[in-house]
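*Asks:* Following this message is one structure expressed as structure tokens.
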Amino acid sequence: MTTRPETPGNSDAAGNVPGGEAPRTLHFIEQIVETDNESGKWGVWTPQNSATTVGCRTPVGGADPAVLAAAKGRLGRARVHTRFPPEPNGYLHIGHAKSICLNHGLAASYGGKFNMRFDDTNPAKEEQEYVDSIIRDVKWLGADFDPSTGPYGGGLYYASDYFEQMYQFAVELIKKGKAYVCTLSAEEVSQRRGTPQIPATSPHRDRPIAESVRMFEEMRAGKHPNGAMSLRAKIDLSSPNFNLRDPVMYRIVHEHHHNTGDAWCIYPMYDWAHGIEDSLEGITHSICTLEFEIHRPLYDWFINSINEGRTEDGSGPWGKKIHHPQQIEFAKLRPTYIITSKRNLLKLVQSGAVSGWDDPRMPTISALRRRGYTPESIRNFCRDVGVTRTESSIDLGRLENSVRDHLNKVAPRAMTVLKPLKVTIENWPDDPATGKPRVDELDFVINPEMLEHGGGSAKRKVPFTKTLYIERDDFMENPPKKFFRLAPGNEVRLRWAYIIKCTGVVKDDAGNITEVVCTYDPATRGGDIPLGPDGKPIRKVQGTIHWVSAEHAVKAEIRLYDRLFKADEPGAATGNWMDDLNPCALETVTGYVDPHIAQTASYHPDRHEGDRYQFERLGYFCVDRDSKPGALVFNRTVTLKDTWAKENTRGG
RNA sequence: UGGGGAUUGGUGUAACGGUAGCACCGCUGACUCUGGAUCAGCUAGUCUAGGUUCGAAUCCUAGAUCCCCAGCCA
1168 MTTRPETPGN
1178 SDAAGNVPGG
1188 EAPRTLHFIE
1198 QIVETDNESG
1208 KWGVWTPQNS
1218 ATTVGCRTPV
1228 GGADPAVLAA
1238 AKGRLGRARV
1248 HTRFPPEPNG
1258 YLHIGHAKSI
1268 CLNHGLAASY
1278 GGKFNMRFDD
1288 TNPAKEEQEY
1298 VDSIIRDVKW
1308 LGADFDPSTG
1318 PYGGGLYYAS
1328 DYFEQMYQFA
1338 VELIKKGKAY
1348 VCTLSAEEVS
1358 QRRGTPQIPA
1368 TSPHRDRPIA
1378 ESVRMFEEMR
1388 AGKHPNGAMS
1398 LRAKIDLSSP
1408 NFNLRDPVMY
1418 RIVHEHHHNT
1428 GDAWCIYPMY
1438 DWAHGIEDSL
1448 EGITHSICTL
1458 EFEIHRPLYD
1468 WFINSINEGR
1478 TEDGSGPWGK
1488 KIHHPQQIEF
1498 AKLRPTYIIT
1508 SKRNLLKLVQ
1518 SGAVSGWDDP
1528 RMPTISALRR
1538 RGYTPESIRN
1548 FCRDVGVTRT
1558 ESSIDLGRLE
1568 NSVRDHLNKV
1578 APRAMTVLKP
1588 LKVTIENWPD
1598 DPATGKPRVD
1608 ELDFVINPEM
1618 LEHGGGSAKR
1628 KVPFTKTLYI
1638 ERDDFMENPP
1648 KKFFRLAPGN
1658 EVRLRWAYII
1668 KCTGVVKDDA
1678 GNITEVVCTY
1688 DPATRGGDIP
1698 LGPDGKPIRK
1708 VQGTIHWVSA
1718 EHAVKAEIRL
1728 YDRLFKADEP
1738 GAATGNWMDD
1748 LNPCALETVT
1758 GYVDPHIAQT
1768 ASYHPDRHEG
1778 DRYQFERLGY
1788 FCVDRDSKPG
1798 ALVFNRTVTL
1808 KDTWAKENTR
1818 GG
């Protein structure tokens, strides 16, 4: 059995931590990398190829010497160089996270480099806003591509920075008789595409080379309108693989580009551009999703065609051979209960079904961040689901479990009441000095998990007095069996405080319960349970509920999020995914927040994150960016597991 | 009815001709000042049919099912 290599850094993007969990078997791409490393397929890192590539937007100018030293440890190692190449035509979503973790994780595991590259070859769809958001999201996820801050950073690149080089290569292909200018309209090309049995046709594939060169120059010079002509590769009009039926390499698009402005009016197609981008950057393993598998012959054909007539030492008319990376495909991540198509996500945003790309109900990285997800939890999730060529769908519950797992360990606890019910402790004493109800300051353990993990017994105070709020769900006048919470005549523990007993209820004219009256037992303060003569506790309460002091708690807007879709595969049954939108995916309530949290919780614009907490017995919550001084807004990231609710529904 | 892929418990994933394992979900129980967490246990699987072999999830043959491909999108 093969297992993961030792990680040069402290932890890789896949989330493996030295000395952490048991070694994992290698997934198929790691096995390819290992095989390549053993055979020396890609050579080793040298000072030359370790330096940043031409076109890098993040040169290692004032780099931290320590980071550079780490990068130096790369020298002599087998070369592994990956990249994440999104088109900036939308926000990144959870599916992209898998690719980011995979690519960055590979670079980190094998002491290689990871490039961030924008595949920005279609100005009609791309925007600077998307470029900015993608950079923000990739960095936040922890896939540091900046060579001056990340040991595996290979730099930031734009495909559009290679346009001149791509153009020169295209001219070269024309001159080699491997490409020609075609004046068929898009519609005509489509009509002549043929069928699996019938070959395509093109009247222009034998256009004289000189004429194609001249016309291609005219295309670049802007002498022709959109769609008037295109540059096509001369491959095989009868190939069963339609990608090889003389695919278009360049089209005319008179449109402003977010990076190159108006410098160009011809733009390379994906297949032509992508291999060149990978090659120029020295990428070893060009990882993409399964639907590109059928493009791989074309990926290879283009690079081989450029290399035809080229030599290793650069002698001869065409110069030196260019690097030929290996394309590898894997199955994309498809979680249940969400959609990831950029077109449909855009529709959600534009239709107003959500408030924006970072609406916490969205599956985008920025939405998950706003919702309270941690980068660690997303990385762990991506590691857990694995990397294969099998198309599968992942239960969204696993993502939710992942963030619960992480937040359980790191989130401070607090008590907050979402749907309040007033509780009066009728035997609570007054303070003789003021004549008002006494205020008790009780100890509250900030995070019992950290306590267990040796993180100290950090505590803070929480005020208790005569009038409290508890959760409305935690009281029932006529409770079913196995209801461990408050009910008439019943005892319950108030978390970190006293055991109380319900002695009565107050109702309004309509018969609704407006208040619960209780007595408290002073001997049970702070969790103490009086011992009997036999040394054993004289009683045991089954339930512990959370509470806040009515006088001290602070009101806050709390947004309770649920899944955006109520179908595990939106649209599968209804035929229209919009029909499966969950109308209850957002419920806003005014809750009563622990006064300590109300004072200290804040949003951090620099990190685009708000403080995260566990509101005990309810779930994990974080401060939203809509918060204003004195008016906090919280998002519910995810609920806690609730076996009582499950039991309750099961029982009917 | 062309070509390219895929198929292991409910879900995801290991196995690389030699004991079908792991995780999640689910179910039991223990523990617990969160009906949380933690711990222990249980349930459940090789798409089908042939063949090769001492031995097949793995190799061969045939079939089934699902996904991708005929953008001047990526």
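So the first sequence is residues 1168 to 1819, counted in the working numbering.
Don't be surprised by glycine CBs; every beta carbon is placed ideally from N, CA and C.
1) Let me make sure I understand the geometry here. Which of V1760, K1795, H1763, T1755 has the alpha-carbon closest to that of P1772?
2) Could you tell me how far apart the beta carbons of V1672 and P1655 are, in whole angstroms, since I believe they sit closer than 8 Å?
3) Report the three-state DSSP secondary structure of A1723 (helix, strand or coil).
4) Report the rounded CA-to-CA distance for E1638 versus M1283, giving the unit in angstroms.
5) As an exercise, report each continuous alpha helix (DSSP H) stretch of at least 4 residues that is fully enclosed by the stretch 1719-1767, in chain order.
6) Exposed or buried, Q1709, counting other C-beta atoms within 10 Å across all chains shown (16 or more means buried)?
7) Can you look up T1810 in the DSSP assignment and give me helix, strand or coil?
8) Mind checking whether R1418 and S1446 have CB atoms under 9 Å apart?
9) Mark I1450 as exposed unless 16 or more other C-beta atoms lie within 10 angstroms of its C-beta, in which case mark it buried.
10) Let me make sure I understand the geometry here. Which of H1194, N1270, S1357, A1498 has the alpha-carbon closest to that of T1557?
11) Would you kindly check if the distance between the Cβ of Y1780 and the Cβ of W1714 is under 9 Å?
12) Going by beta carbon distance, what residues of the same chain come within less than 6 Å of I1443, once the five residues before and after it are set aside?
13) Where does T1202 sit, in a helix, a strand or coil, going by DSSP?
14) Output needed for K1488: all residues of its chain with C-beta closer than 8 Å, excluding positions within five of it in sequence on either side, in chain order.
15) In whole angstroms, give me the CA-to-CA distance for V1305 and K1589.
16) Quick one: Cα of R1730 to Cα of Y1504, how far?
17) At the level of alpha carbons, what is the spacing between P1265 and G1279?
18) If you measure between the beta carbons of V1420 and Y1434, is that distance less than 9 Å?
19) Judging by CA-CA distance, which residue of L1698, R1381, R1652, G1257 is the nearest neighbour of K1514?
20) Using a Cβ-Cβ cut-off of 7 Å (strictly less than) and excluding sequence neighbours within five positions of E1422, which residues of its own chain qualify?
21) Mind checking K1813: buried by the 16 CB within 10 Å criterion, or exposed?
22) Should F1409 go down as buried or exposed, given a rule of 16 or more other Cβ atoms within 10 Å for buried?
23) Tell me which same chain residues have a C-beta within less than 6 Å of the C-beta of T1427, skipping the five on either side of it?
24) What separation, rounded to the nearest whole angstrom, lies between the Cα atoms of G1694 and F1631?
25) Assuming the contact rule is C-beta atoms closer than 8 Å, R1537 and N1802 should be a hit. Round their C-beta distance to whole Å, please.
26) Please report how far the alpha carbon of I1680 lies from the alpha carbon of F1782, in whole angstroms.
27) By the DSSP assignment, the beta strand (DSSP E) with G1321 in it spans what residues?
28) Along the chain, where does the beta strand (DSSP E) containing L1588 start, and where does it finish?
29) Just to confirm my understanding: we take F1548, look at its own chain, exclude 5 residues before and 5 after, and list those with CB closer than 7 Å. What are they?
30) Counting only the same chain and skipping the five closest in sequence on each side, list residues whose C-beta sits under 6 Å from that of H1491.
31) If distances are taken between C-alpha atoms only, which option among G1481, A1739, Y1728 comes closest to D1791?
32) Alpha carbon to alpha carbon, what distance is there between G1553 and A1189?
33) Per DSSP, what kind of secondary structure is A1635 in: helix, strand or coil?
34) How many whole angstroms separate the CB atoms of A1798 and A1765, which I take to be in contact at a CB cut-off of 8 Å?
35) Using the C-alpha atoms, what's the distance from D1299 back to G1361?
36) Do you know how far the Cα of L1807 is from the Cα of K1603?
*Replies:* According to the structure data:
1) K1795
2) 7 Å
3) strand
4) 48 Å
5) 1762-1767
6) exposed
7) helix
8) no
9) buried
10) A1498
11) no
12) M1333
13) helix
14) N1474, R1477, T1478, E1479
15) 46 Å
16) 7 Å
17) In the sequence as presented, Pro is not what sits at residue 1265; that position holds Lys. Their Cα atoms are separated by approximately 18 Å.
18) yes
19) G1257
20) P1290, A1291
21) exposed
22) exposed
23) S1327
24) 14 Å
25) 7 Å
26) 25 Å
27) 1320-1325
28) 1587-1592
29) R1565, L1566, S1569
30) I1470
31) Y1728
32) With a pLDDT of 49 at A1189, under the threshold of 50, the modelled position of that residue is not reliable, and no figure is offered here.
33) Here residue 1635 is Leu; the residue named in the question, Ala, does not match the sequence. If DSSP states are grouped into helix, strand and coil, L1635 belongs with the strands.
34) Rounded, the Cβ-Cβ distance is 10 Å, inconsistent with contact.
35) 42 Å
36) 37 Å
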